[in-house]
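Each residue of the sequence shown is one higher than the one before, counting from 1 in UniProt numbering.
Written below as structure tokens is the structure these notes are about.
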Amino acid sequence: MAARRPSLSTAVERWHADEVTVGSPLIASEVAFLRRTRVFGATGTVLMAIGALGAGARPVVQDPTFGVRLLNLPSRIQTVSLTMTTTGAVVMALAWLMLGRFALGSRRMSRSQLDRTLLLWALPLLIAPPMYSKDVYSYLAQSQIARLGLDPYRVGPAPGLGLDHVFTLSVPSLWRDTPAPYGPLFLWIGRGISEMTGDNIVAAVLCHRLVVLFGVGLIVWATPRLARRCGVAEVSALWLGPCNPLLFMHLVAGIHNEALMLGLMLTGTEIALRAISRTRDNHPAGALLPRPLHWPHGRTDWVRWMPLAMLVAGTVLITMSSQVKLPSLLAVGFVAMALACKWGGSLRAFVAASGLVTAIAAAVTALIGWASGLGFGWLFTLGTANVVRSWMSPPTLMALGTGQVGNLLGLGDHTTAVLGLTRAMGVIIIAILVSWLLLAVLRGRLHPVGGLGVALGATVLLFPVVQPWYLLWAIIPLATWATRPGFRGTTIAITLIVGIFGPTANGDRFALFQILDATIASTFIILILIAITRTRLPWRPLQDANVSEESGSPPPVAKSDAYAESP
């Protein structure tokens, strides 16, 4: 008689039972709260996915929901769709906050419990239309231009493909005549996707989402390892970084290439720092060869060369990330300073380490430019996005405010002139601050991961253009290093403000009354949900249990935070 296959309900029950019995430091009641929090957050992402059918950044043509009665309904009631999307985003953000009780407390959830939560929250968004941005359609158009043999760094979607092309029609009008600002590696990948999918916009979007999923996987792999290197609890770093609502909203749902950039950068940084930790001190010449290890059967040779191979691999990955977006190249500088510090921090060590890492990065950059056939034209299009006047950029906001004051005083509108001045000042401040951070790492006063996070944070803060997803450049690296409550509190506040109130347009144009109606309706729905779940979800701080509910024995306690507080 054939063996009976387990049902879905049986598999779910077994999955839940494993959370209590397999390596979880939480007691049964805490696990129950954790499960409900996980389901609450998944409900939010499901609402976001459904609402995206009407409020997302759907393509102008080849919309798979067009003409399908059930799937096309949200597009006919856009205010309701916007309400669902907004409500889902708030629900997911609140669930993330409650999840933090199990990531920052005295007893933390296990790594597998957090991984399951992250996966469950991401699944509904993987098949949803793009949300909060139409950048993915620019990716498709620029990749198609490269596929046709044209230079995407010289021509934009409209002149390169034509105004009536399926990809051009979905590109926002602001970007139809602008060349690509992205590195050749990303467009090389996009060209491969275009060769596989042709003009099928749905298949191409899903392939780009797979690239994003690969990048998120690299982020999840590197984050706990960098956290251990900095003495930070893995679960705490994963909760604040990869589990951040901004990652779900803008990388997974929004399909931004920051996922690939950050994944390659963090993975390369971890591998490079692992190599540096295995090198000898005060030996700029040949220091990458450690003291001989006595392995049997003559395996000493490859062991001796392993640190050098790892350093090269890490630098290659970081350089590849900069061929997606340039700011990640900062990680190369901090790797070089960490290596020079390991070699003694002298001028000779600085020159040797900088020369070695720079040579590797230059070789990889040249190789990618040559192999992709796209060359170095991207270096001249990096300022393409500066046409946007972003209120999230302090230099831009200062210039806009000064221009308005000039108008009020009758002095005329000098916004453009002031904008050039404030943005230039921002770039100068970035250069000075990054140089100081590199020097601090060289002298051993600052951890390279912390220096990288602060440098990227300053770059985002003083960048001419700041988008909500740019904040992840700094949040994820800093989550692996900084442990001060002030930093975590600030990050939580910024995440909630930017994540909930930032993307008001959701990729489409909505009238002001629609946004107001959706906001009011979402507020009422959230209040009702809080009232219904006030006793079933950890809205209030959990009380520390001194005795296990079932066995009467003390509950398992996580390892104490014996690491030093990050500066």
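Ideal placement from N, C-alpha and C gives every residue a C-beta, glycine not left out.
All values derive from a computational prediction rather than experimental measurement.
(Q) On a Cα-Cα basis, can you pick out the residue from Thr-279, Phe-214, Gly-450 and Tyr-470 that is closest to Met-306? (A) Here residue 306 refers to the residue found at position 306 when the sequence shown is read from its first residue. Answer by Cα proximity: Thr-279.
**Q.** Pick from Leu-512, Leu-251 and Arg-58 that is closest to Thr-79, judged by C-alpha positions
**A.** Working through the sequence shown from its first residue, we reach residue 79 at position 79. That would be Leu-512, whose Cα lies nearest to the Cα of Thr-79.
(Q) What would DSSP say about Phe-510, mapped onto helix, strand or coil? (A) For the purposes of this step, residue 510 is identified with residue 510 of the sequence shown, where counting begins at 1. Phe-510 carries a coil assignment under DSSP once its states are collapsed to helix, strand and coil.
(Q) Using a Cβ-Cβ cutoff of less than 8 Å, which residues in the same chain neighbour Arg-154 once the five nearest sequence positions on both sides are dropped? (A) Taking the sequence shown and counting its residues from 1, the one referred to as residue 154 is at position 154. Cβ neighbours of Arg-154 beyond the five flanking positions: Pro-179 and Gly-377.
(Q) Tell me which residues share the same chain as Pro-124 and place their Cβ nearer than 6 Å to its Cβ, disregarding the 5 neighbours each side in the sequence. (A) Reading the sequence shown from its first residue, position 124 is the one you call residue 124. Once the five neighbours on either side are set aside, the close Cβ partners of Pro-124 are Thr-45, Val-46 and Ala-49.
Q | Val-212 versus Ile-494 - alpha carbon distance | A | To locate residue 212, count along the sequence shown from 1; it is residue 212. To locate residue 494, count along the sequence shown from 1; it is residue 494. For Val-212 and Ile-494, the distance between alpha carbons rounds to 23 Å.
Q. Looking only at its own chain, which residues have a Cβ that is under 7 Å from the Cβ of Gln-62, when we skip the five neighbours before and after it?
A. In the sequence shown, counting from the first residue as 1, residue 62 sits at position 62. Take Gln-62, set aside five residues on each side of it, and the residues of its chain with a beta-carbon closer than 7 Å to its own are Val-166, Ile-201 and Val-202, in chain order.
Q. For the alpha helix (DSSP H) that contains Pro-130, what are its first and last residues?
A. Position 130 of the sequence shown, counting from 1, holds the residue named residue 130. Where Pro-130 is concerned, there is no enclosing alpha helix (DSSP H), given that its DSSP letter is neither H nor E.
Q: With DSSP collapsed to three states, give me the class of Arg-443.
A: The sequence position of residue 443 within the sequence shown is 443, counting from 1. The three-state secondary structure of Arg-443, taken from DSSP, is coil.
Q) Looking at C-alpha atoms only, which residue of Leu-247, Ser-321 and Phe-248 is the closest neighbour of Thr-269? A) Translated into positions along the sequence shown, residue 269 becomes position 269. It is Ser-321.
Q: Taking only the alpha-carbon atoms, compute the straight-line gap between Pro-25 and Arg-38 and give it to the nearest angstrom.
A: Mapped onto the sequence shown, residue 25 falls at position 25. Mapped onto the sequence shown, residue 38 falls at position 38. For Pro-25 and Arg-38, the distance between alpha carbons rounds to 17 Å.
Q) Is Ser-245 near Ile-368, with beta carbons less than 8 Å apart? A) Counting from one through the sequence shown, the residue named residue 245 turns up at place 245. Counting from one through the sequence shown, the residue named residue 368 turns up at place 368. Checking the sequence shown, residue 245 turns out to be Pro, not Ser. The answer is no: Cβ separation not under 8 Å.
Q. DSSP state of His-250, grouped into three classes?
A. Reading the sequence shown from its first residue, position 250 is the one you call residue 250. Helix at His-250.
**Q.** DSSP-derived helix/strand/coil call for Trp-481
**A.** Start at 1 with the first residue of the sequence shown, and residue 481 comes out as number 481. Trp-481: coil per DSSP, three-state reduction.
(Q) Quick check on this structure: which residue in Ala-340, Leu-174 and Ile-271 has the alpha carbon closest to the alpha carbon of Ala-352? (A) Within the sequence shown, numbered from 1, the residue matching residue 352 stands at position 352. In this structure, Ala-340 is the residue among Ala-340, Leu-174 and Ile-271 with its C-alpha nearest to the C-alpha of Ala-352.
Q) Does DSSP classify Trp-391 as helix, strand or coil? A) As a position in the sequence shown, residue 391 is number 391, starting the count at 1. DSSP places Trp-391 in coil when its eight states are reduced to three.
Q) Relative to the alpha-carbon of Gly-375, which residue among Phe-33, Phe-186, Trp-539 and Arg-209 has its alpha-carbon at the smallest distance? A) For the purposes of this step, residue 375 is identified with residue 375 of the sequence shown, where counting begins at 1. Closest option to Gly-375, Cα to Cα, is Phe-186.
Q | Contiguous alpha helix (DSSP H) assignments of at least 4 residues, all confined to the region 119–205 | A | Runs found: 135–147, 157–161 and 184–197.
Q.
Do Arg-191 and Ile-255 count as a contact pair if the criterion is CB distance below 8 Å?
A. To locate residue 255, count along the sequence shown from 1; it is residue 255. To locate residue 191, count along the sequence shown from 1; it is residue 191. Taking 8 Å as the Cβ cut-off, Ile-255 and Arg-191 do not qualify as a contacting pair.
Q) Hey, out of Leu-442, Ala-336, Gly-426 and Arg-445, whose CA is closest to Gly-457's CA? A) Taking the sequence shown and counting its residues from 1, the one referred to as residue 457 is at position 457. In terms of CA proximity to Gly-457, Gly-426 leads the group Leu-442, Ala-336, Gly-426 and Arg-445.
Q | CB contact flag (Thr-264, Leu-226, <8 Å) | A | Here residue 264 refers to the residue found at position 264 when the sequence shown is read from its first residue. Here residue 226 refers to the residue found at position 226 when the sequence shown is read from its first residue. The displayed chain sequence assigns Leu, not Thr, to residue 264. No, Cβ-Cβ distance for Leu-264 and Leu-226 is not below 8 Å.
**Q.** Inter-residue Cα distance where the pair is Ser-138 and Phe-463
**A.** Counting from one through the sequence shown, the residue named residue 138 turns up at place 138. Counting from one through the sequence shown, the residue named residue 463 turns up at place 463. Near 22 Å, if we compare the C-alpha coordinates of Phe-463 and Ser-138.
**Q.** Candidates Pro-74, Leu-240, Val-91 and Phe-487: closest to Gly-51 by CA position
**A.** For the purposes of this step, residue 51 is taken as residue 51 along the sequence shown, with counting starting at 1. Looking at the Cα atoms, Pro-74 is the closest of the given residues.
(Q) The alpha helix (DSSP H) that contains Met-265, what's its start and end? (A) Within the sequence shown, residue 265 is the residue found at index 265, counting from 1. In the DSSP assignment, Met-265 falls within the alpha helix (DSSP H) that extends over 258–277.
Q | Beta-carbon proximity check, Val-235 vs Arg-58, cutoff 8 Å | A | Along the sequence shown, read from residue 1 onward, the residue named residue 235 stands at position 235. Along the sequence shown, read from residue 1 onward, the residue named residue 58 stands at position 58. No, these two residues do not count as a Cβ contact at 8 Å.
Q) Are Val-90 and Phe-40 close, meaning C-beta to C-beta below 8 Å? A) As a first step, residue 90 must be located in the sequence shown, where it is residue number 90. As a first step, residue 40 must be located in the sequence shown, where it is residue number 40. If you check the CB distance, Val-90 and Phe-40 do not come in under 8 Å.
Q | Whole runs of the alpha helix (DSSP H) within the region 334–381, excluding any shorter than 4 residues | A | If we require 4 residues or more, the alpha helix (DSSP H) runs fully inside the region 334–381 come out as 347–372.
Q: Please classify Gln-323: does DSSP put it in a helix, a strand, or coil?
A: As a working note, residue 323 is residue 323 in the sequence shown. DSSP places Gln-323 in the coil class of the three-state scheme, outside both helix and strand.
Q: Report all residues from its chain with a CB closer than 6 Å to the CB of Val-220; omit the five preceding and five following residues, and keep chain order.
A: Locating residue 220 in the sequence shown gives position 220, counting from the first residue. Only Pro-242 meet the Cβ criterion.
Q. Candidates Val-449, Pro-224, Met-392 and Gln-323: which alpha carbon is nearest Ala-331's?
A. Translated into the one-based positions of the sequence shown, residue 331 becomes position 331. If we check each option's Cα against that of Ala-331, Val-449 comes out closest.
Q: Quick one: grab the DSSP three-state call for Leu-317.
A: Walking along the sequence shown from the start, residue 317 turns up at place 317. Three-state DSSP puts Leu-317 in a helix.
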